[in-house]
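S.K.:
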Amino acid sequence: MALVQLRRDRLAAEKSEIDRYFPGCVKWIDPTGDTKVEVALKTNNDKKYTLRIYIGNYPHSVPDMVVVSSPKPMPDWENSSTSHTLSKRDGYLRICHWHSSHWTDRIALHEVVLKGRLWLEAYECHLKTGQLMISLLPLMVPESKSSK
Numbered sequence: 018m019a020l021v022q023l024r025r026d027r028l029a030a031e032k033s034e035i036d037r038y039f040p041g042c043v044k045w046i047d048p049t050g051d052t053k054v055e056v057a058l059k060t061n062n063d064k065k066y067t068l069r070i071y072i073g074n075y076p077h078s079v080p081d082m083v084v085v086s087s088p089k090p091m092p093d094w095e096n097s098s099t100s101h102t103l104s105k106r107d108g109y110l111r112i113c114h115w116h117s118s119h120w121t122d123r124i125a126l127h128e129v130v131l132k133g134r135l136w137l138e139a140y141e142c143h144l145k146t147g148q149l150m151i152s153l154l155p156l157m158v159p160e161s162k163s164s165k
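Shown next as structure tokens:
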């Protein structure tokens with residue numbers, strides 16, 4: 018019972034934080050069951066996207082993040098290190114935002130969204146220039162771990 022309450026408290030704190038970082042852009046779906054969070058974002062070139070985060074076992078494991086809406090259909094990329102994508106979830110493009118070996122339970126949801134935003138900016142640059150996503154995105158490795 019104590020673990021359930023700790024998780025509820027953590028998610029309540031996360032809700033407050035993500036709403037503070039992205040005011041008016043956050044929608045919680047099924048907060049008492051299969052919880053998901055959707056965040057509407059606008060890229061630097063004014064393109065509108067919505068990212069969905071599946072809470073699942075968060076914060077104990079990396080939550081899945083997908084692009085649920087975009088100005089144009091998303092590419093059919095899957096399991097590609099060059100595009101930083103994973104297998105689809107619910108038919109949506111799932112993007113890589115944190116490698117599981119570098120995940121800790123201290124990572125906040127707003128940080129996950131920020132990583133998604135970086136991916137979207139790289140994607141927009143890819144569309145404009147044709148450069149590979151892998152060359153546009155830094156390695157998703159925290160500085161302290163990559164320097165060892």
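For what it's worth, my numbering labels the leading residue of the sequence shown as 18, then goes sequentially. A virtual CB, placed ideally from N, CA and C, is assigned to each residue, including glycine. What you are looking at is a predicted structure, and each value in this text was computed from that prediction instead of being measured.
Using only the alpha-carbon positions, how far apart do PRO88 and PRO155 sit?
M.R.: Rounded to the nearest angstrom, the two C-alpha atoms are 24 Å apart.
S.K.: Under 7 Å between the Cβ atoms of MET82 and ILE112?
M.R.: yes
S.K.: Between the C-alpha atoms of LEU28 and ARG106, what's the straight-line distance to the nearest angstrom?
M.R.: 22 Å
S.K.: Do LEU23 and ARG134 have their C-beta atoms within less than 7 Å of each other?
M.R.: No, these two residues do not count as a Cβ contact at 7 Å.
S.K.: Inspect the beta-carbon positions of ASN62 and GLU128 and report whether they are closer than 7 Å.
M.R.: no
S.K.: Below 6 Å CB to CB, which residues in the same chain sit around ARG69 once its five sequence neighbours on both sides are set aside?
M.R.: LYS53, GLU55, VAL83, VAL85, listed in sequence order.
S.K.: For my contact list, PRO76 and ILE35 are in at a C-beta cut-off of 8 Å; report their separation, rounded to the angstrom.
M.R.: The beta-carbon distance between PRO76 and ILE35, rounded to whole angstroms, is 13 Å. This is too long to meet the 8 Å contact definition.
S.K.: To test your reading of the DSSP string, which unbroken beta strand (DSSP E) runs of 3 or more residues are found completely within the segment 56-116?
M.R.: Runs found: 65-71, 81-86, 102-106, 109-112.
S.K.: Whole angstroms is fine: what's the gap from TYR71's alpha carbon to ALA139's?
M.R.: 22 Å
S.K.: If I'm right that TYR66 touches LEU137 with Cβ under 8 Å, what's the distance once you round it to whole angstroms?
M.R.: The pair is a contact, with the Cβ atoms about 5 Å apart (cut-off 8 Å).
S.K.: Which residues in the same chain have their Cβ closer than 6 Å to the Cβ of LEU126, if we skip the five residues on either side of it in sequence?
M.R.: GLU31, ILE35
S.K.: Under the three-state reduction of DSSP, which class applies to ILE124: helix, strand or coil?
M.R.: coil
S.K.: Considering only C-alpha positions, which residue in the set LEU149, THR102, GLY147, TYR109 is nearest to LYS132?
M.R.: THR102
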